[in-house]
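Report on one structure; see the data block that follows.
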Amino acid sequence: MKNEIIDLGLLTTHKIGKSNYYVNHSLFELLSDAIK
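The opening residue of the sequence shown carries number 56 in my numbering; numbering runs sequentially from there.
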């Protein structure tokens, strides 16, 4: 049971990290365009 909880935690953290990456990446793209 404990392992399942840890796996779930890692999975959600991974998903959040992934979406954060995409958000940050698109923000960076916007900034890069603005700087040009």
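Positions of the beta carbon are idealized from the N, C-alpha and C atoms, including for glycine.
Given this structure, state the Cα-to-Cα distance separating D62 from S74, to the nearest angstrom.
What you label residue 62 is simply residue 7 of the sequence shown in a count that begins at 1. What you label residue 74 is simply residue 19 of the sequence shown in a count that begins at 1. When rounded, the distance between both Cα atoms is 18 Å.
Which value, in whole angstroms, describes the spacing of the CA atoms of E84 and Y76?
For the purposes of this step, residue 84 is taken as residue 29 along the sequence shown, with counting starting at 1. For the purposes of this step, residue 76 is taken as residue 21 along the sequence shown, with counting starting at 1. So the two alpha carbons sit approximately 12 Å from each other.
Just how far apart, CA to CA, sit T67 and I90?
Taking the sequence shown and counting its residues from 1, one reaches residue 67 at position 12. Taking the sequence shown and counting its residues from 1, one reaches residue 90 at position 35. Going by the C-alpha atoms only, they are around 34 Å apart.
If we ignore side chains and look at the alpha-carbon of each, how far apart do L86 and G72 end up?
Sequence index remark: in the sequence shown, residue 86 carries index 31 (1-based). Sequence index remark: in the sequence shown, residue 72 carries index 17 (1-based). Cα to Cα, L86 sits roughly 21 Å from G72.
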